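Q: Residue numbering for the sequence shown follows the working numbering, beginning at 16 and increasing consecutively.
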Amino acid sequence: MQNTNTYIGNEQCGEIPNEGGAAHQFEQVLASGLPPLCRRAYRILGNAADAGDAVQDALLAAYRYVQGHLSSLSTLSTDSSLT
16 MQNTNTYIGN EQCGEIPNEG GAAHQFEQVL ASGLPPLCRR AYRILGNAAD AGDAVQDALL
76 AAYRYVQGHL SSLSTLSTDS SLT
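1. So residue 66 packs on residue 60, CB below 8 Å; how close in whole Å?
2. Pull up the CB-CB distance for residue 56 and residue 69, whole angstroms please, since I reckon it's below 8 Å.
3. Between residue 39 and residue 47, what straight-line distance do the alpha-carbon atoms span, to the nearest angstrom?
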């Protein structure tokens, strides 16, 4: 079986703005949660490249969902008609 951890964490990303330690917390969550996701995707798909793509797509979809959800909450809280 191919080692699926070899392609994880090898790429450098741009700096993420650190708002109250959020970037550090996010990094910790990914460090602990990413390898199991990649292993599971590899077991399902049987190909490391496809597994990496699937995990990336899933994380991007989750990020977009959370980003949209948080932005709609901030719109509600800053709406002057609510006060």
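C-beta: ideal position from N, C-alpha, C; glycine also. Values in this document were obtained by computation on a predicted structure and should not be read as measured data.
A: A quick look at the data gives this:
1. 5 Å
2. 5 Å
3. 13 Å
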